[in-house]
Amino acid sequence: MPLSARGHHLREGHGHARLLRAIPIFSSLDQEEFHEVQRRIVEKRFHKNQVVLMEEDTAHYMYIVFGGKVRVVHVGSDGSERILAVHKRGDIFGEMALLDAKTAPATVIAMEDAEIGLLSKDNFDSFLLNNDKVLFQLVAILCRRLREAQLVLRAIALPDAEMRLRSILNHLSLLHGVRDDRGIVIALRLTHKELAGYTSVSRETVTRLLHRMSEEGDLEMLENRTILLKPAFQEKLQLL
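And the structure:
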């Protein structure tokens, strides 16, 4: 699997260990259990656009995002990517494949330089699956994943490309939005190609629609490639 980058185990007092403690499934552990799990997590660094894991490797580890962002994609036979999800600092992924021992039909790629923690299936089974509080948190995570997948499927099933794009932008604002006095900033640096992968339309269509929505005052493309959704965007969304 793509783990050629050199890694190291988390150290007690390490800043990433504090982030780990804030993640619900790990915060459920008592102090001794937490330190045992912490010592078994290996941290690795991945460069932008580097593959974090391939589909066939998904049943081996659970992953924790300590820094950066990664995208979960389905790669078509023509090499095109359809984005299924984006995970940011503090998120975990890969837990579903560990639960049913089946691979997930997706590849995970670093959207920017990323720091990822890996917990092996053996350690996952030993330290997490035997804890009722952790199991409750895992059920909550799986329910949230299901709701998010349903929202994305509903969005890409819409017949009109603009409706699809607006629905996906709204979905991203709910997951990654930061509200300020201008509206909601989607705190993801997404290229037009990546947005096209989310909405299942062409990159050219995304570019055209974003330009039109910008001219109409619905949104603003900020300098760092983040998107500001203005109040007019939400107003029009209610009419769709």
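Residue numbers for the sequence shown follow our numbering, so the first one is 174 and each next one is one higher.
Every residue gets a Cβ at the ideal spot worked out from N, C-alpha and C, and that includes glycine.
Nothing here was measured: the structure is a model prediction, and the numbers come from that model.
Applying the criterion that 16 or more other CB atoms from any shown protein chain within 10 Å of the CB defines a buried residue, is I400 buried or exposed? Counting from one through the sequence shown, the residue named residue 400 turns up at place 227. Buried, since its Cβ has 16 or more Cβ neighbours within 10 Å.
Can you list, in chain order, the residues of its chain with a C-beta nearer than 8 Å to that of D298? Leave out the 5 residues immediately preceding and following it. Along the sequence shown, read from residue 1 onward, the residue named residue 298 stands at position 125. The answer, listed in chain order, is L271.
Can you list, in chain order, the stretches of the beta strand (DSSP E) that have 3 or more residues and sit fully within the stretch 235-313? 243-248, 254-260, 280-283 and 287-293
Give me the Cα-Cα distance between P197 and G263, rounded to the nearest whole angstrom. Residue 197 sits at position 24 when you count from the first residue of the sequence shown. Residue 263 sits at position 90 when you count from the first residue of the sequence shown. Going by the C-alpha atoms only, they are around 10 Å apart.
Where do the N-terminal and C-terminal ends of the alpha helix (DSSP H) with V379 fall, by residue? Taking the sequence shown and counting its residues from 1, one reaches residue 379 at position 206. R376 to E388 is the span of the alpha helix (DSSP H), which, as asked, contains V379.
Taking 8 Å as the threshold (C-beta atoms), are K275 and H260 in contact? Mapped onto the sequence shown, residue 260 falls at position 87. Mapped onto the sequence shown, residue 275 falls at position 102. Taking 8 Å as the Cβ cut-off, H260 and K275 do not qualify as a contacting pair.
On the DSSP letters alone, give me the boundaries of the alpha helix (DSSP H) that M394 sits inside. Taking the sequence shown and counting its residues from 1, the one referred to as residue 394 is at position 221. No alpha helix (DSSP H) holds M394; the beta strand (DSSP E) holding it covers L392 to M394.
With a 10 Å radius around its C-beta and 16 neighbouring C-beta atoms as the bar for buried, classify S375 as buried or exposed. Your numbering for residue 375 matches position 202 in the sequence shown. Exposed: under 16 other Cβ atoms inside 10 Å.
Pair every Cβ in the stretch 315-333 with every Cβ in the stretch 217-235, then say whether three or more of these pairs are closer than 8 Å. no
C-alpha gap between H208 and R255, whole angstroms: For the purposes of this step, residue 208 is identified with residue 35 of the sequence shown, where counting begins at 1. For the purposes of this step, residue 255 is identified with residue 82 of the sequence shown, where counting begins at 1. For H208 and R255, the distance between alpha carbons rounds to 38 Å.
Take the Cβ of F406 as the centre, count every other Cβ of all protein chains shown within 10 Å, and call the residue buried at 16 or more, exposed below. Along the sequence shown, read from residue 1 onward, the residue named residue 406 stands at position 233. Under this definition F406 is a buried residue.
Identify which residue in K294, V248, G249 and R381 has its Cα closest to the Cα of A334. Taking the sequence shown and counting its residues from 1, the one referred to as residue 334 is at position 161. Among K294, V248, G249 and R381, the Cα nearest to that of A334 is on R381.
With a threshold of 16 other CB atoms inside 10 Å of the CB of A195, please say whether the residue is buried or exposed. The count along the sequence shown starts at 1 and reaches residue 195 at position 22. The residue in question, A195, is exposed, as its Cβ has fewer than 16 Cβ neighbours within 10 Å.
Other residues of its chain near H344: CB distance less than 7 Å, five sequence neighbours each side excluded: On the sequence shown, residue 344 is found 171 positions in, with the first residue counted as 1. These residues qualify, in order along the chain: L324, V325 and A328.
Span of the beta strand (DSSP E) holding L226? Position 53 of the sequence shown, counting from 1, holds the residue named residue 226. Its beta strand (DSSP E) spans residues V224 to L226.
Helix, strand or coil, according to DSSP, for L331 in the structure here? Numbered from 1 along the sequence shown, position 158 holds the residue referred to as residue 331. Residue state, collapsed to three classes: coil.
Exposure label - L347; buried when at least 16 CB within 10 Å: As a position in the sequence shown, residue 347 is number 174, starting the count at 1. It counts as exposed.
Given a cut-off of 8 Å, decide if I341 and E372 are closer than it, judged by their beta-carbon atoms. In the sequence shown, residue 372 corresponds to position 199, counting from 1. In the sequence shown, residue 341 corresponds to position 168, counting from 1. The amino acid at residue 372 is misidentified as Glu; the sequence shows Thr. Going by C-beta atoms, T372 is nearer than 8 Å to I341.
Residue from E388, D295 and V281 whose Cα sits closest to the Cα of T231: Locating residue 231 in the sequence shown gives position 58, counting from the first residue. Residue V281 is the option with its Cα nearest to T231.
Is I357 helix, strand or coil when you go by DSSP? If you number the sequence shown from 1, residue 357 lands on position 184. In the structure shown, I357 falls within a strand segment according to DSSP collapsed to helix, strand and coil.
Cβ-based neighbour list, G252, same chain, cut-off 7 Å, excluding 5 preceding and 5 following: Position 79 of the sequence shown, counting from 1, holds the residue named residue 252. Hits under 7 Å: none found.
In whole angstroms, what is the alpha-carbon distance linking L410 and E393? If you number the sequence shown from 1, residue 410 lands on position 237. If you number the sequence shown from 1, residue 393 lands on position 220. Answer to the nearest angstrom: the Cα atoms are 16 Å apart.
Between which two residues does the alpha helix (DSSP H) holding I198 run? Sequence index remark: in the sequence shown, residue 198 carries index 25 (1-based). Element bounds for I198: P197 to S200.
Is the separation between the beta-carbon of G239 and that of L192 shorter than 8 Å? What you label residue 239 is simply residue 66 of the sequence shown in a count that begins at 1. What you label residue 192 is simply residue 19 of the sequence shown in a count that begins at 1. The question names Gly, yet the displayed sequence has Phe at residue 239. Result yes, Cβ atoms of F239 and L192 sit closer than 8 Å.
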